[in-house]
Amino acid sequence: DGKRGVQRCEREEAEGPRRAVTGEARRWLAHQTVRTGLLPRFIRHTSASLVIQENADPDVQADLEAFLKRLVPEDERLYRHPAEGPDDMPAHIRSALTAVSISIPVRNTALALGTWQGVYLWEHRHRGGARRIVVHLGA
1 DGKRGVQRCE
11 REEAEGPRRA
21 VTGEARRWLA
31 HQTVRTGLLP
41 RFIRHTSASL
51 VIQENADPDV
61 QADLEAFLKR
71 LVPEDERLYR
81 HPAEGPDDMP
91 AHIRSALTAV
101 SISIPVRNTA
111 LALGTWQGVY
121 LWEHRHRGGA
131 RRIVVHLGA
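First residue of the sequence shown: 1, per my numbering; consecutive thereafter.
Here it is, written out as structure tokens:
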């Protein structure tokens with residue numbers, strides 16, 4: 001039929017600094033006809049990111065968050081772009097240091113993640129609001 005892929009845009013809201021989005025991807029994949037391919041996910045924002053990280057121990061994520069806060073502090077004296085608040089410019093830098101796009105292999109209509117891997121929307125603002133993630137399943 002010539003269909004090589006399918007695309008959609010998800011609306012996500014982080015309930016704190018991180019929100020697991022692995023389940024949404026799994027549920028969506030279960031209804032697709034593409035059994036094997038690649039699932040790129042792209043967040044359409046400059047102050048949040050997508051990461052694949054350990055999903056078993058929340059201390060890992062808390063340590064990562066603490067590390068980034070030490071690496072990129074919220075101190076308006078350090079930045080020229082304070083217009084949107086003290087958390088805005090650090091959020092842009094944290095997003096640049098992480099990833100706005102990730103790709104996950106798909107096998108048998110399932111994410112080919114490791115046992116302890118999960119996909120997370122990582123909000124770098126105190127209140128980022130709704131975030132849009134573009135998902136494309138390609139064969």
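Just so you know, even glycine gets a beta-carbon here, dropped at the ideal spot from N, CA and C. From a predicted model like this one, the values you see are computed outputs, not experimental measurements.
- By a beta-carbon distance limit of 8 Å, Leu121 contacts Arg19. Their separation comes to about 5 Å.
- The C-beta of Arg132 has fewer than 16 other C-beta atoms within 10 Å across all chains shown, which makes the residue exposed.
- Beyond the five residues adjoining it in sequence on each side, Gly138 comes within less than 7 Å, by CB distance, of Arg4, Gly5, Gly37 and Leu38 in the same chain, given in chain order.
- Under DSSP, Pro105 forms a beta bridge with Leu38.
- About 6 Å separates the beta carbons of Gln32 and Thr109, which is inside the 8 Å limit, making them a contact pair.
- With a threshold of 16 other beta carbon atoms within 10 Å, Ser101 falls short and is exposed.
- Contact annotation, Ser49 with His92: C-beta distance approximately 11 Å; criterion of less than 8 Å not satisfied.
- Taking His81 as the centre and dropping the five residues before and after it, the same chain places the C-beta of Met89 closer than 6 Å to its C-beta, in chain order.
- CA-to-CA, the gap between Pro86 and Asp75 works out to about 7 Å.
- Pairing Gly128 with Val34, the inter-Cα distance amounts to about 33 Å.
- The residue from Glu13, Ile104 and Arg8 with its alpha-carbon nearest to that of Arg125 is Glu13.
- Taking Leu113 as reference, the option from Glu54, Trp28, Cys9 and Val60 with the minimal CA-CA separation is Glu54.
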